[in-house]
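Asks: Residue numbers (my numbering): -18 to 738. Glycine is no exception: its CB is placed at the ideal position from the N, C-alpha and C atoms. Source: prediction; values computed, not measured.
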Amino acid sequence: MWVLTAGLAVLVSAGTFGGDWWPRVSFAPKAAQQLAPTPHPPVPATLDEAWLVPAGAERDAIARRAGVRALRSAAEAVRTTRYSEALTALEEARLDGTPLEPYATYYRALCDLRLRRPEPARARLAGLRRSLSAGRLRVLTLSAEAEAALSLGDAAGAAALYEELYPALTSQRDVALDQWATATRAAGRPQDAARLWLRLYYEFPTSELAASALRQAETTLNTAAVGTPDAFPHDLTRAEALLAAGRAADAEAALKLLEPLLAASPDAAEAQARRDRLNLRLAQAACALKRCATQLATLGDLAARGVGHGEAQYLAAVALREQGRAAEYREALDAMAATPAGTAADAWIERALSEHAIALVKADADAEAATIFRRLFDRNPSGRYAERAAWKYGWWSYRAGRYDEAARVFDLAAASIPRANTRPAWIYWSGRAHEKQGDTAGATQRLSLAVVDYLHSYYGRLAAEALGRLGAPLPTPATMAASSGMGVAIDGGEADALGDGPGDGASPMVPDARMAAASPPPTADLITWLVAAGMFDEAIAEITHAQRAHGRSPKLDATLAWVYRQQGENRPAINTMRQAYPQYLSVRGDALPRAIQEVIFPIDYVPYIKRYSAQHGLDPFLVAALIAQESSYVADVRSPANAWGLMQILPSTGRQLARAEGVPRFTTQRLTDPETNVRLGTRYLATLIRNHDGVPYALAAYNAGAARVIRWKAERGGLEQAEFIDDIPFPETQMYVKKILGTAVDYRRLYADVLAE
């Protein structure tokens, strides 16, 4: 995305742009929608249903087998290139008839190959290949067999193996194409080899092998393979791919090489279309390189002729913005916004609106920004930029006391973008807006929905508290099952924004297509045994291959998350398990097996958390949640901002805290010691709570600095805590405070017996 210039902020602050100049947009009649609980598959009742990790006793039995221990030792020896040692270990790896037997065969063959014994290696690999129908091990086997064939001088055999390998690959396809081409040329088929190298060059333009592939192709063909009239469409498409990948300078260089070829087409219309497309891409590259103003004349011509379905208009507006030509920039935006919704230009119009509104926010012109965000959201309530627009405009309306408008926007957004990260906030604040207007029934409906979908989250807990104030009962899985649906009828939004929803009488918990449990992959048993064997690198590789080849599923994601947790990769483990079972947030989250929840909410260093929380008068569950957010319980982590350890303490702050706490001989490295870090971090947190009169403000200060929080409180006097948190101007700090406050309740729910006094 092109960076907004400081010039626009100056124009805004000078009053050049006001809230009234933007043209009104006519909208199609709106159809009724249903704001209803998010559909999820049923929560797995047992761990066997939840993942491919075997139960503890079964896992231990597999891991204790002598053959499994030998295979694990051999795999580690192979990773460290100790092939003779690996072969010795493999002599003890008797795994006949088990899912791990193919891995033992593969490692024996690989060791032979690395020890320069290609003939027995190829024989083993050929037999193994014939026995495997799918999986990452089949890919490894094909690759190793092709290498063995080349070592034996059988280039034709190697080329045939690479041809079989290529469709099975889910990554590194450019490398395989290069190897396939090399083997094909060695087999005496130079024309076929050149075609493969050109395929690499065009299909993988960002590959490090692309340039050498082109050289190999041109050397083999003894002629130029690109930059010719026949290659023009392919070269232009390749340059566009470079642009899409952020390689603007490379794309611009490639595009300029095509300019001399424009006259080659005998068809005038085709020649003009090529010229327009090339000029538009040159302008796009220049804009990406911060030289958009140099393309203004070209873009003006393209925009006037409607080239690019709105893209030329957008880039022309960017060029005017870069030059500080406010009146013309406004006219360009006027012209774009006047285009009726539902055309191919929508994406570019919405992008222009979004960038302008963001610039207004940065210039502290919140009212003007709200006007633009409203038009952006109303134009396309489910569009790419609608989530931010709905929140910014809806929250501005709420803060301005326009509760009916806030509720309208939040309801429509929650129905139109059901997977948005902001949806819990929309539903909660819509409920509060109805409460502010005295509509207890409307408030109860929306707050109940927030509890159903997001009980185990910050907003779900706020909604539960609000329902208590209203004297309304909390919804439970039982009451949900007994009801005919918890949908809330709303007005607004296009009729097809949601498609068929639960409001038509279907159960609100019917699985959607993305989350429906998939059939186990063909390698499910192998993955289970690799996990049990503690061969985690191999397990991760097989799982990720299965995900790419057969699609993601909750079971695969959950298994991957468990493996990450065993390796100490806590943040990937947390994120992957949340993706596997998003139901953890909902009112049904308690029904998830505890082991699943413990991956999402890990804990460690319990004695230190208990001791120093008590010493400083802190809630240990709050401290546990803060550590989870700051470091995911990785003791030696260091942030880009130079914060260290479990509670992410800056060395300068650590030094001050160490003096106050009486920690002798402090060094920065001591911040990676779990006990020292928790001791100092809890002291710091307790000080912030005292100084800022409350946990939410202290958390904001922990993240953004005490001085900012003092200023924010002064600027936002009179706001209740929840309003203050959502009015924090730093999105990162907002999210930080909400996550810790919400997660602290989960730590209390899961670990009350562990952390309690």
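So, at 6 angstroms on beta carbons, what are the nonlocal neighbours of Ala725 in its own chain, with the 5 sequence-adjacent residues on each side left out?
Replies: Answer for Ala725: Phe602, Leu603, Ala606, listed in chain order.
Asks: As a quick exercise: from Gly108, Leu133, Gly134, pick the residue whose alpha carbon is nearest that of Leu123.
Replies: Nearest option by C-alpha distance: Gly108.
Asks: Once you ignore the five residues that flank Gly480 on each side, which residues in its own chain have a CB closer than 7 angstroms to its CB?
Replies: Low confidence applies here, because Gly480 scores a pLDDT of 31, under 50, leaving its location unreliable; read the following figure in that light. Closer than 7 angstroms at the Cβ level, and outside the excluded window around Gly480, lies no residue.
Asks: Given a cut-off of 8 angstroms, decide if Val34 and Leu572 are closer than it, judged by their beta-carbon atoms.
Replies: Looking at the sequence shown, residue 572 is not Leu but Ala. Going by C-beta atoms, Ala572 is not nearer than 8 angstroms to Val34.
Asks: Is it right to say Thr165 is buried, meaning 16 or more other beta carbons lie within 10 angstroms of its own, or is it exposed?
Replies: Looking at its Cβ environment, which holds 16 or more other Cβ atoms inside 10 Å, Thr165 is buried.
Asks: How is the alpha helix (DSSP H) around Ser378 delimited, first residue to last?
Replies: From DSSP, the alpha helix (DSSP H) with Ser378 extends over 367 to 380.
Asks: Can you round the beta-carbon distance between Ala445 and Val433 to whole angstroms, since I take them to be within the 8 angstroms contact cut?
Replies: No, Ala445 and Val433 are not in contact; Cβ-Cβ is about 11 angstroms, not under 8 angstroms.
Asks: Mind checking which residues open and close the alpha helix (DSSP H) that includes Pro214?
Replies: From DSSP, the alpha helix (DSSP H) with Pro214 extends over 213 to 225.
Asks: With a CB to CB cut of under 8 angstroms and the five nearest residues on each side skipped, what residues in its chain are close to Arg552?
Replies: So the list reads Ser613, Val615, once near-sequence residues are dropped.
Asks: Specify, as a first and last residue, the run of the alpha helix (DSSP H) that Ile330 falls within.
Replies: From DSSP, the alpha helix (DSSP H) with Ile330 extends over 327 to 343.
Asks: On the CB-based measure, 16 or more other CB atoms within 10 Å of its CB, does Glu221 come out buried or exposed?
Replies: That one is buried.
Asks: Taking contact to mean 3 or more Cβ pairs, one atom from each stretch, closer than 8 angstroms, check whether the region 56 to 71 and the region 563 to 580 are in contact.
Replies: As far as the Cβ criterion goes, the region 56 to 71 does not touch the region 563 to 580, which means the pair count is below three.
Asks: Would you identify the three-state DSSP class for Gln629, choosing helix, strand or coil?
Replies: Gln629 falls in the coil class under three-state DSSP.
Asks: Three or more C-beta pairs under 8 angstroms: does that hold for the region 547 to 562 against the region 144 to 157?
Replies: In short, these stretches do not touch, since the Cβ pair count stays below three.
Asks: Comparing alpha-carbon positions, which option in Gly643, Val735, Leu736, Ala622 lies nearest Asn684?
Replies: Checking every option, the nearest Cα to that of Asn684 belongs to Ala622.
Asks: State the DSSP-derived secondary structure class of Ile584, mapped to helix, strand or coil.
Replies: In the structure shown, Ile584 sits in coil (DSSP, three-state: anything other than H, G, I, E or B).
Asks: For Leu507, is the classification buried or exposed, using 16 other Cβ atoms within 10 angstroms of its Cβ as the cut-off for buried?
Replies: Classification for Leu507: buried.
Asks: Suppose you measure from the CA of Glu331 to the CA of Gln294; what does that come to, to the nearest Å?
Replies: Distance between the alpha carbons of Glu331 and Gln294 is about 12 angstroms.
Asks: What three-state label does DSSP hand Gln15 in the structure shown?
Replies: DSSP places Gln15 in strand when its eight states are reduced to three.
Asks: Thinking Arg619 and Glu642 are a contact (beta carbons under 8 angstroms), I'd like their distance in whole angstroms, please.
Replies: Arg619 to Glu642, Cβ: 21 angstroms. No contact.
Asks: In or out: Phe391 buried (at least 16 other Cβ within 10 Å) or exposed?
Replies: Buried: at least 16 other Cβ atoms inside 10 Å.
Asks: Which residue spans inside the region 147 to 222 form an unbroken alpha helix (DSSP H) run of at least 4?
Replies: Listed in chain order, the complete alpha helix (DSSP H) runs (minimum 4 residues) inside the region 147 to 222 are 154 to 167, 171 to 184, 191 to 202.
Asks: Use the C-beta contact count for Thr163: other C-beta atoms within 10 angstroms, 16 or more gives buried, fewer gives exposed.
Replies: It is buried - the Cβ of Thr163 has at least 16 other Cβ atoms within 10 Å.
Asks: Drop a sphere of 10 angstroms on the beta-carbon of Ser594, count the other beta-carbons inside from all chains shown, and report buried for 16 or more, exposed for fewer.
Replies: When all chains shown are included, Ser594 counts as buried.
Asks: Are there three or more Cβ pairs, one per stretch, closer than 8 angstroms when the region 718 to 732 is compared with the region 671 to 688?
Replies: Counting Cβ pairs under 8 angstroms, three or more are found: they touch.
Asks: Looking at C-alpha atoms only, which residue of Gln15, Ala17, Pro22, Leu16 is the closest neighbour of Ser534?
Replies: Selected option, being the one with the closest Cα: Pro22.
Asks: Tell me which same chain residues have a C-beta within less than 6 angstroms of the C-beta of Tyr147, skipping the five on either side of it?
Replies: Around Tyr147: Ala157.
Asks: Counting Cβ pairs closer than 8 angstroms, one from the region 315 to 325 and one from the region 282 to 298, do we hit at least three?
Replies: Cβ pair count under 8 angstroms is three or more, so yes.
Asks: Among the residues of its own chain, which have a CB less than 6 angstroms from the CB of Arg389, if the five just before and after it don't count?
Replies: Nothing listed; no residue qualifies.
Asks: Starting from Trp407, follow the alpha helix (DSSP H) in both directions and report where the run begins and ends.
Replies: From DSSP, the alpha helix (DSSP H) with Trp407 extends over 404 to 417.
Asks: Using the three-state DSSP reduction, which class does Arg619 fall into: helix, strand or coil?
Replies: Strand.
Asks: Does the beta carbon of Gly108 come closer than 8 angstroms to any beta carbon on chain D?
Replies: Absent from the structure: chain D. Only one protein chain is present.
Asks: Where does Val34 fall in DSSP's three states?
Replies: Here Val34 sits in coil by DSSP.
Asks: Looking only at DSSP bridge pairs, what is Val469 linked to?
Replies: Val469 is bridged to Leu16.
Asks: Could you round the C-beta distance between Arg95 and Tyr64 to whole angstroms and report it? I think they count as a contact, below 8 angstroms.
Replies: The pair is a contact, with the Cβ atoms about 5 angstroms apart (cut-off 8 angstroms).
Asks: Using the Cα positions of Arg529 and Leu150, report the straight-line distance between them to the nearest angstrom.
Replies: Each residue's alpha carbon lies about 9 angstroms from the other.
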